[in-house]
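*Asks:* First to last, the sequence lines map onto chains A and B. Quick note on this note's numbering: the first sequence kicks off at 1 and runs consecutively. Quick note on this note's numbering: the second sequence kicks off at 139 and runs consecutively. Built from N, CA and C at the ideal position, the CB exists for glycine as well.
Number of protein chains: 2
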Amino acid sequence: MTCDTSETQMRIGEVAEAAGTTAKTLRFYEEQGLLPEAERTPSGYRDYTPEAVVRIDFIHRGQAAGLTLAQIKQILDIRDGGEIPCGHVRDLLDARLADIDRQIADLLALRDNVAALRDAAAEPEPETCNADEVCRYL
Amino acid sequence: MTCDTSETQMRIGEVAEAAGTTAKTLRFYEEQGLLPEAERTPSGYRDYTPEAVVRIDFIHRGQAAGLTLAQIKQILDIRDGGEIPCGHVRDLLDARLADIDRQIADLLALRDNVAALRDAAAEPEPETCNADEVCRYL
DNA sequence: ATGGACCTTCTCCTGTACTGGAAGGTCCAT
DNA sequence: ATGGACCTTCCAGTACAGGAGAAGGTCCAT
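1) Is the shortest distance between the beta-carbon of residue 35 of chain A and the beta-carbons of chain B less than 7 angstroms?
2) Classify residue 73 of chain A as buried or exposed, calling it buried when 16 or more other Cβ atoms lie within 10 Å of its own Cβ.
3) What did DSSP end up calling residue 37 of chain A once you bin it into helix, strand or coil?
4) Leaving out the 5 sequence neighbours to the left and right, which residues in its chain are closer than 6 angstroms to residue 71 of chain A when beta-carbon positions are compared?
5) Is there contact here, the segment 73-85 of chain A with the segment 162-172 of chain B, by at least three beta-carbon pairs under 8 angstroms?
6) Kindly indicate which residue of B:258, B:273, B:223, B:153 has the alpha-carbon position closest to the one of residue 85 of chain A.
7) Kindly indicate which three-state DSSP category residue 256 of chain B falls into: helix, strand or coil?
8) Starting from the beta carbon of residue 122 of chain A, find every residue of chain B whose beta carbon is closer than 7 angstroms, and list them in chain order.
9) If you check the beta carbons only, do residue 242 of chain B and residue 107 of chain A fall under 7 angstroms apart?
10) Just to make sure I have the definition right: I need the residues of chain B whose C-beta is within less than 8 angstroms of the C-beta of residue 50 of chain A. Which are they?
11) I'd like to know whether the C-beta of residue 199 of chain B is nearer than 7 angstroms to at least one C-beta of chain A.
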C-alpha cells in the first residue's frame, strides 16, 4: 500500500466544486488570508491537497453560525499558530449570541412600529390625507 | 401683518441641525433625488425654506420604519407628482412587515444553532480537541 | 484686512463577501 | 494545429448610507 500524496492534488476548480463554492471565491479567500497560499504547478496553477476542502467546510460552518470572514480568520489564525482555539471560539459564539439577541429585540420592536403604521394605513380613507404632510401614515 | 417669506430662509447647516443631521447628508439626499434642488443665494449657497425640515423629518420616519432611501424616494416622488401615496405606503409597509417577519424567523433559527454550539463549546475539555479538525465546535 | 465659521464642488473611502470581465497562458483531445 | 475548457492576474463594481478631506469661495465681526 504505497500512498502517493501527489496523486491527490487538486486544481482550484475541483476544490471549489467539492466544497460547493467557486474558484473565484477561493482566490478571494486566499487573498484574505483564510486559505494559505496554495502550492503551484510548474505552469503556475494552484495545486491543492484535499485538506483545503476541510478548511473551506469549516469556513462554511462558521458562516452558517453567522460569523464574519474576519472572525473565522481569527480562529484559523489561532489554530494555524499551533494553539487550540476553543476558548476564542467560545468567546466569539457568546458575542455572536448576544448580538443575535439584540438584533431580534430590535426587529421585534421595529415589527411593532411597522405593524401599527400598516394598520393605520389600512384604513381606506385616503381622502383625509393632508397635502401639508408628506404622508400622515409615516 | 406682512409676512415676508424670505426672512425664513435657512442655510444648509441650519436645516441640518434643525433636522438632526449633517450638511453632508443633505447634499447627499439632494444628489439622490430625495430633496429637490435647493434655491441658491447669489453667492451659490443653498437656500432652504423650513419645509425642507419637514421633508427630512419624513425621511427619518421612513428610515425608522426600516424603509430604504430608495423606497422613501418612491413615496416622495408620488407625492411630488401630485398623487396621494397612501396605497403605495401601505404596500411598502406590508412588504416591509413580511420582510421583518422573515428576518426574525431566520434569526431565531440561527439563535438556536449558535446557542447549541456555544453550549457545546462551554464544556471545559479542550484537551479532547482533535488536531485534524480545525475546531470540533464548529 | 484678517480670522474663523460657514459654504461650494470634487474625489475617494468605509464594511461585507463576493462577482464580472478583460487579456492572456495552459492542457488535452481531436 | 486548433478548439474548448480550464487556469492566471488585475481592475472594477455590487448594495447601503453616508463620512473624510482637499482646495477654494463667502460672510461677518473685530
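*Replies:* Short version:
1) Indexing the first sequence from 1 puts residue 35 of chain A at position 35. Cβ-Cβ to chain B under 7 angstroms: no for residue 35 of chain A.
2) Stepping through the first sequence from its first residue, residue 73 of chain A is reached at position 73. By the neighbour-count criterion, in which 16 or more other beta carbons inside 10 Å mark a residue as buried, residue 73 of chain A falls on the buried side.
3) Within the first sequence, residue 37 of chain A is the residue found at index 37, counting from 1. Three-state DSSP puts residue 37 of chain A in coil, outside helix and strand.
4) Numbered from its first residue, the first sequence carries residue 71 of chain A at position 71. Here the set comprises 92.
5) Contact between the segment 73-85 of chain A and the segment 162-172 of chain B is absent, because fewer than three Cβ pairs lie under 8 angstroms.
6) Looking up residue 85 of chain A in the first sequence gives position 85. Nearest C-alpha to residue 85 of chain A: B:273.
7) The sequence position of residue 256 of chain B within the second sequence is 118, counting from 1. In this structure, residue 256 of chain B counts as helix in the three-state DSSP scheme.
8) Indexing the first sequence from 1 puts residue 122 of chain A at position 122. Those are 228, listed as they occur along chain B.
9) For the purposes of this step, residue 242 of chain B is taken as the residue at position 104 of the second sequence. For the purposes of this step, residue 107 of chain A is taken as the residue at position 107 of the first sequence. Contact annotation: residue 242 of chain B and residue 107 of chain A have beta-carbon atoms nearer than 7 angstroms.
10) Your numbering for residue 50 of chain A matches position 50 in the first sequence. In chain order: nothing, as chain B lies at least about 12 angstroms away.
11) For the purposes of this step, residue 199 of chain B is identified with residue 61 of the second sequence, where counting begins at 1. Chain A contact via Cβ: present.
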